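**Student:** Under the numbering used here, the first residue of the sequence shown is numbered 9, with each subsequent residue one higher.
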Amino acid sequence: MPVARAEVDVKSLVDGLNFRQKVERSLELIRDAHREYGDGLVVANSLGKDSCVVWDLAKRVSPAIRGFVVTTRFKPPETVAFMRRLVERYPETRVFRNDEPIPDRLYATDPDRCCDALKVQPTRRAIEEMGVACWVTGLRCTEGRTRTDFQEVEERDAGLLKLNPILIWYEREVWQYLACYEVPVNPLYKEGYRSLGCSPCTRIANGPDERAGRWIGTSKCGGECGIHTRPLKVSGGVGAPVRL
């Protein structure tokens, strides 16, 4: 059946469904989207815990589902090593990276511009080059203050569906799934991180907000890199050229 695009009461689902029901709902969302979009359905893998769950769910729906990773020159070595193991195991995963020159310490002086160059632009390229019609993310509405207004199925860019199949999961349910299904995760979590990004912009932080350790000391603290808020289909191209 076609993917349902009508808005749902996300808040009621967060506490209204148990873990098993959430897993089944997530699988059904991916299954319906895969039926509709086939090879045009692609998983965006951030290499974080949530993406690990979504990637495992997608592979349960169809081993043929493809994925892409956007990496940057500032990723921690542990994340890079984890990415290489993932790609070795799943060669249907493509890696995109922007190596164009940027000002020194741009991440400190203008983090929005840095994220746009190193994350948003390669994401646009991935979507264009891989012929993506529906991209699947690990975004969750319980993860932080900037993620409360999303839907499980969205079309923020005309002609590009966005699927957030674990939107209604709690953090503890993510870890429950990873433990139950023995899904490998980034080793940085053992050090106490709850949200992972580039080295200069990621710290271990306490408190209820999972993303509180991101961009500490900037206006972006606990915020977004831009791939969930910026246009990803740009008329006339996909931004500045990038090299892999």
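All C-beta atoms in this analysis are idealised placements derived from N, C-alpha and C, irrespective of residue type, glycine included.
Quick caveat: nothing in here was measured; it's all calculated off a predicted structure.
Answer yes if the stretch 130-138 comes into contact with the stretch 101-109, meaning at least three C-beta pairs across the two stretches below 8 angstroms, and no otherwise.
**Tutor:** The stretch 101-109 is in contact with the stretch 130-138.
**Student:** In chain order, what residues of the same chain have a beta carbon less than 6 angstroms from the beta carbon of T145, not counting five sequence neighbours either side?
**Tutor:** Counting only Cβ-Cβ distances below 6 angstroms, and skipping sequence neighbours, we find A52, N172.
**Student:** Taking just the CA atoms, how far does S203 sit from T210?
**Tutor:** Whole-angstrom Cα-Cα distance: 8 angstroms.
**Student:** Count the other C-beta atoms from every protein chain shown that fall within 10 angstroms of the C-beta of T80, then say buried if there are 16 or more, exposed otherwise.
**Tutor:** It is buried - the Cβ of T80 has at least 16 other Cβ atoms within 10 Å.
**Student:** By how many angstroms is the C-alpha of A187 removed from the C-alpha of V61?
**Tutor:** Approximately 10 angstroms between the Cα atoms of the pair.
**Student:** Who pairs with F104 in a beta bridge, going by DSSP?
**Tutor:** DSSP output for F104 lists V78 as bridge partner(s).
**Student:** Kindly give me the distance between the Cβ atoms of V22 and W143, rounded to whole angstroms, as I take these residues to be in contact under 8 angstroms.
**Tutor:** Contact flag wrong, Cβ pair sits at about 23 angstroms.
**Student:** Which residue wins for smallest C-alpha separation from H236, given the options I176, E163, A66, E86?
**Tutor:** Out of I176, E163, A66, E86, E163 has the C-alpha closest to the C-alpha of H236.
**Student:** Can you tell me which of L175, R121, E36 puts its alpha carbon nearest to the alpha carbon of D17?
**Tutor:** Of the candidates L175, R121, E36, the one whose C-alpha sits nearest the C-alpha of D17 is L175.
**Student:** Put C233 into one of helix, strand or coil per three-state DSSP.
**Tutor:** Residue state, collapsed to three classes: coil.
**Student:** Please report how far the alpha carbon of W183 lies from the alpha carbon of G56, in whole angstroms.
**Tutor:** Computed Cα separation, rounded: 12 angstroms.
**Student:** In chain order, which beta strand (DSSP E) runs of at least 3 residues are fully inside the stretch 116-180?
**Tutor:** Complete beta strand (DSSP E) runs here, min 3: 142-144, 161-165, 168-171.
**Student:** Note down the Cα distance separating E255 from R97, rounded to an integer number of angstroms.
**Tutor:** The structure shown does not extend to residue 255, since the chain is modelled only from 9 through 252, so no value can be given for it.
**Student:** Tell me the start and end of each unbroken beta strand (DSSP E) in the stretch 47-73 that is at least 3 residues and wholly inside, in chain order.
**Tutor:** Counting whole runs of 3 or more residues, the stretch 47-73 contains the beta strand (DSSP E) stretches 49-52.
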